[in-house]
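Student:
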Amino acid sequence: MVKYILKRLAIAIPVLIGITIIDFTLSNLAGSPLDMLVGPRVSEAAKLAKEVQLGLDKPVIVQYFIWLKQLLVGNLGYSTKSYQAVSEMIGSHIGPTLLLMGSSFVVGILIALPAGIYSAVHQYSKADYAIVTLSFLGTSIPSFFLAMLLTYIFTVVLGWLPSAGMTTLGVGGGTWDIIKHMIMPVIVLAVGMAGTNIRYIRSAVLEILGKDYIRTAKAKGIGRFKVINKHALKNAMVTVITIFGMEIPSLFGGAVIVEQVFSWPGLGLLMMSAINNRDFPTIMGVCLLSAVVVLLGNLITDLLYAVVDPTIKYN
Numbered sequence: 001m002v003k004y005i006l007k008r009l010a011i012a013i014p015v016l017i018g019i020t021i022i023d024f025t026l027s028n029l030a031g032s033p034l035d036m037l038v039g040p041r042v043s044e045a046a047k048l049a050k051e052v053q054l055g056l057d058k059p060v061i062v063q064y065f066i067w068l069k070q071l072l073v074g075n076l077g078y079s080t081k082s083y084q085a086v087s088e089m090i091g092s093h094i095g096p097t098l099l100l101m102g103s104s105f106v107v108g109i110l111i112a113l114p115a116g117i118y119s120a121v122h123q124y125s126k127a128d129y130a131i132v133t134l135s136f137l138g139t140s141i142p143s144f145f146l147a148m149l150l151t152y153i154f155t156v157v158l159g160w161l162p163s164a165g166m167t168t169l170g171v172g173g174g175t176w177d178i179i180k181h182m183i184m185p186v187i188v189l190a191v192g193m194a195g196t197n198i199r200y201i202r203s204a205v206l207e208i209l210g211k212d213y214i215r216t217a218k219a220k221g222i223g224r225f226k227v228i229n230k231h232a233l234k235n236a237m238v239t240v241i242t243i244f245g246m247e248i249p250s251l252f253g254g255a256v257i258v259e260q261v262f263s264w265p266g267l268g269l270l271m272m273s274a275i276n277n278r279d280f281p282t283i284m285g286v287c288l289l290s291a292v293v294v295l296l297g298n299l300i301t302d303l304l305y306a307v308v309d310p311t312i313k314y315n
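Reminder that position 127 of the sequence shown reads as 127 in my numbering, one-by-one numbering, no gaps.
(1) Which of helix, strand or coil does DSSP assign to residue 115?
(2) Determine the burial state of residue 176: buried for a count of at least 16 other Cβ atoms within 10 Å of its Cβ, exposed for fewer.
(3) Can you list, in chain order, the residues of its chain whose CB lies under 6 Å from that of residue 24, leaving out five sequence neighbours each side?
(4) Given a cut-off of 9 Å, decide if residue 16 and residue 291 are closer than it, judged by their beta-carbon atoms.
(5) Return the chain-ordered list of same chain residues with a C-beta closer than 7 Å to the C-beta of residue 160, the five sequence neighbours on each side being excluded.
(6) Would residue 50 and residue 274 qualify as a contact pair, given that the criterion is a beta-carbon distance under 9 Å?
(7) I'd like to confirm the pairing. Which residues does DSSP put opposite residue 124 in its beta bridges?
(8) So the alpha helix (DSSP H) residue 20 belongs to, where does it begin and stop?
(9) Quick check: residue 107 and residue 119, are their CB atoms within less than 9 Å of each other?
(10) Which stretch, first to last residue, makes up the alpha helix (DSSP H) that contains residue 188?
(11) List the endpoints of the continuous alpha helix (DSSP H) containing residue 227.
(12) Between residue 117 and residue 205, is the Cβ-Cβ spacing less than 9 Å?
(13) Excluding five sequence neighbours on each side, which residues of the same chain lie with their C-beta closer than 6 Å to the C-beta of residue 212?
(14) What is the DSSP secondary structure of residue 164, counted as helix, strand or coil?
(15) Leaving out the 5 sequence neighbours to the left and right, which residues in its chain are closer than 7 Å to residue 219 when beta-carbon positions are compared?
(16) Apart from the five residues on each side of it in sequence, which residues of its chain come closer than 6 Å, Cβ to Cβ, to residue 164?
(17) So, under 8 Å CB-CB, residue 289 and residue 90 are touching, yes? Tell me the CB distance rounded to an integer number of Å.
(18) Just to confirm, is the Cβ distance from residue 93 to residue 269 under 9 Å?
(19) Go through its chain and collect everything with a Cβ distance to residue 103's Cβ below 7 Å, but skip five positions before and after it.
(20) Restricting to Cα atoms, I'd like to know which of 243, 139 and 127 is closest to residue 301.
(21) Taking residue 233 as part of the alpha helix (DSSP H), name the residues at either end of that continuous run.
(22) Considering only their Cβ atoms, is the gap separating residue 33 from residue 54 smaller than 9 Å?
(23) Whose C-alpha, out of 303, 298, 299 and 267, is nearest the C-alpha of residue 287?
(24) On the premise that residue 188 lies in contact with residue 147, defined as a C-beta separation below 8 Å, what is that separation, rounded to the nearest angstrom?
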């Protein structure tokens, strides 16, 4: 197991380098931060001085290796907009994003797992059709549309929930205040996640229920509950873990839109602000962190396979 982990970590290094090369190239193709310096008081001489200060006068490949050299010593650079250290900016925004993603992940599991299992066990019933229909609906609704719909209902019409931010200004926050601000963003992310995963879980459980050993267990009369929860669900967990492991990149991507709509002070909001200002160091820092999280998520998913299925061995 240790050798397998070390091997996966070694493979992750060239993958991360490849991702940073692609991100750096695409960022530079989008334009220069100097294009944001417009106004009657900004002269060409000032732009040239700023170009030299930011190191943008060098070829793109040279800029990349300068950034990579700083990264190897733990320096993510400084924002071209706020002049703050990128590591400090990420550190101040990562907490709200992890809170939002973690809560959405748990809620999504609590919805998708029992709904998918129930739909599979009661195949072709009215409840099965209803669950599958709702899963298609949850998958097809755009997150920004659902966010605006919830805002209109619960904020504009009913006035129950706040529409933006993480805490109420002037109140001082508090656990209940944060929970109220989290409800709508968590619902938006969890609905999309559950809508997709219900059908995958249903298919995985149906496949296991059709196996010969399940029919043998039923024939022995050990009971419906044990057949489903001890035999079928346990053997379907490898597929289920794969499904939920694939949700990590989706949650990161969805968080960018949701945080923008609800003004949630996380990495998504930071990323959108950096893109609008062409803040290359911040963009690269957030992209690098996202890539690391996805790779670690995939590694943890692979390791969980051996936990739920002892027959899986890593050499």
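All residues carry an ideal CB built from backbone N, CA and C; glycine is no exception.
Tutor: Here's the rundown:
(1) helix
(2) exposed
(3) 64
(4) yes
(5) Excluding residues within five positions, the ones whose Cβ falls inside 7 Å are 154.
(6) no
(7) Note: residue 124 sits in no beta bridge, so no partner.
(8) Looking at the DSSP string, the run of the alpha helix (DSSP H) that includes residue 20 is 2–29.
(9) In this structure, residue 119 does not lie closer than 9 Å to residue 107 by Cβ.
(10) Looking at the DSSP string, the run of the alpha helix (DSSP H) that includes residue 188 is 175–209.
(11) First-last for residue 227: undefined, no H or E at that position.
(12) yes
(13) none
(14) Three-state result, residue 164: coil.
(15) none
(16) Within the same chain, Cβ atoms closer than 6 Å to the Cβ of residue 164 are found at 262 and 263, the five residues on either side in sequence being excluded.
(17) 6 Å
(18) yes
(19) 182 and 186
(20) In terms of CA proximity to residue 301, 243 leads the group 243, 139 and 127.
(21) 233–245
(22) The answer is yes: Cβ separation under 9 Å.
(23) 267
(24) 5 Å
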